Amino acid sequence: MIESGLQKKYKILLLGPNGQLGESLKNHLEAFHELECADKKKFDFLNPTNFSDILKKNKPSLVINAAAYTDVEGAESNENLANQINSEALKYIASACEALDTTLLHFSTDYVFDGNKNKPYLEDDKPNPISIYGNSKLLGEKIISDNMKNYIIFRTSGVISNNTNNFINKIMLAAETQKELKIVDDQITSLNHSDFLAEAINKILSSLKIEKVNSLGEIYNLVGPSSGTWFEFSKFAQRICKNRKKKSKFADISLTPVSSEEMNFKANRPKYSHLSSDKIKKEFSLSIPSWEKSILEIFK
Ligand SMILES: NC(=O)c1ccc[n+]([C@@H]2O[C@H](COP(=O)([O-])OP(=O)(O)OC[C@H]3O[C@@H](n4cnc5c(N)ncnc54)[C@H](OP(=O)(O)O)[C@@H]3O)[C@@H](O)[C@H]2O)c1
869 MIESGLQKKY
879 KILLLGPNGQ
889 LGESLKNHLE
899 AFHELECADK
909 KKFDFLNPTN
919 FSDILKKNKP
929 SLVINAAAYT
939 DVEGAESNEN
949 LANQINSEAL
959 KYIASACEAL
969 DTTLLHFSTD
979 YVFDGNKNKP
989 YLEDDKPNPI
999 SIYGNSKLLG
1009 EKIISDNMKN
1019 YIIFRTSGVI
1029 SNNTNNFINK
1039 IMLAAETQKE
1049 LKIVDDQITS
1059 LNHSDFLAEA
1069 INKILSSLKI
1079 EKVNSLGEIY
1089 NLVGPSSGTW
1099 FEFSKFAQRI
1109 CKNRKKKSKF
1119 ADISLTPVSS
1129 EEMNFKANRP
1139 KYSHLSSDKI
1149 KKEFSLSIPS
1159 WEKSILEIFK
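The opening position of the sequence shown corresponds to residue 869 in the working numbering, with each subsequent residue numbered one higher.
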């Protein structure tokens, strides 16, 4: 740890720096921490045996894992791939971090829950995933908590960003070639801009002393305060798109609310998976902005 004014600086190894959250973390952390990024070329989760060597070479005090297999539909026909990236590779990462006394910050999902609760899920509610993706992420959580002392798992949901791989960008792209968009209106969750999540991680790291990070073995929910359906998210996005006079067919396309059954998805998704962020709010005095603000961030 290097002291720089009031900022504590950690040497951090960031995995998955080119994904939505990875890119935001890179942008938010690099000014305050000594950051080494390992993309797929430097460390492939499908060939994880060299992780220990990478860790010994870089000697970070923290590893942040923003890499994952995030294709919920794709996972249903690629179970091995999802498990390899979201859980099996973590055996190597967790054991190397534990052996070298390196803290691991990892991300998980609201999809570890079955959605049968009708109020926000707490960290210690019993997970019961109903999709291959959710199951692979839960297995990853278990590998970390069973094999490590010093870790923090942040469960988040509906990550959006200003790069192309997310719900808002996908519906805007689909609007270019379709006359009507059918959007699911019976799954309740929240959207969270990756910059807001990265800002929160940065705040946590700057407020924590390394000794405290090293005594954590915790799960924290990290999402905005309110929830909505994918249809509500898309209607709000459309309103913003119109108000801002964005040149996009999305501004005028017909949006139709439909049930999950009508969409014939391969993967089951929880009907209700909003997470309560009360624990992180209380312990770190921070909160993630609402899903409306996350969407506004896309249209800035
Ligand atoms: N997206 C969501 O809506 C959502 C919701 C809840 C929780 N989460 C969790 O939040 C975290 C971040 O999600 P995200 O949306 O930022 O993910 P993302 O945009 O899909 O990025 C995933 C990253 O993982 C990397 N990756 C994939 N396969 C890899 C491999 N074999 N070896 C090395 N790297 C590999 C990708 O690298 P390439 O770019 O090189 O392929 C990419 O940088 C994940 O843990 C995810 O489960 C996401």
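All residues carry an ideal CB built from backbone N, CA and C; glycine is no exception. As the structure is a prediction and not an experimental result, all values here were calculated from the model.
Item: Start-end ranges of the beta strand (DSSP E) lying completely within the segment 898-985, minimum 3 residues; Value: 902-906, 930-933 and 971-977
Item: Contiguous alpha helix (DSSP H) assignments of at least 4 residues, all confined to the segment 1074-1135; Value: 1078-1081, 1098-1111 and 1128-1131
Item: beta-carbon L883 near ligand 1 non-hydrogen atom, thresh 8 Å; Value: yes
Item: Helix, strand or coil at K877 [DSSP, three-state]; Value: strand
Item: Length of the line joining the Cα atoms of N1033 and L1041; Value: 11 Å
Item: For N1060, the three-state DSSP class (helix, strand or coil); Value: strand
Item: Assigned exposure category for E891 - 16 Cβ within 10 Å defines buried; Value: buried
Item: I953: CB within 8 Å of a non-hydrogen atom of ligand 2; Value: What this structure holds is ligand 1, not ligand 2.
Item: Delimiting residues of the beta strand (DSSP E) encompassing Y1001; Value: Not the beta strand (DSSP E): Y1001 falls in the alpha helix (DSSP H), residues I1000 to N1015.
Item: Cα-Cα separation between I1072 and I1148, rounded to whole angstroms; Value: 9 Å
Item: heavy atom of ligand 1 below 8 Å from H896 C-beta; Value: no
Item: Simplified DSSP state of L1049, which is helix, strand or coil; Value: strand
Item: Cα-Cα separation, D1063 to K1161; Value: 11 Å
Item: Exposure label - N984; buried when at least 16 CB within 10 Å; Value: exposed
Item: Secondary structure of L883, DSSP reduced to three states; Value: strand
Item: Closer than 8 Å: L1209 CB and nearest ligand 1 heavy atom; Value: The structure shown has nothing for residue 1209, since the chain only spans 869 to 1168.
Item: Rounded C-alpha distance that separates K877 from S1075; Value: 11 Å
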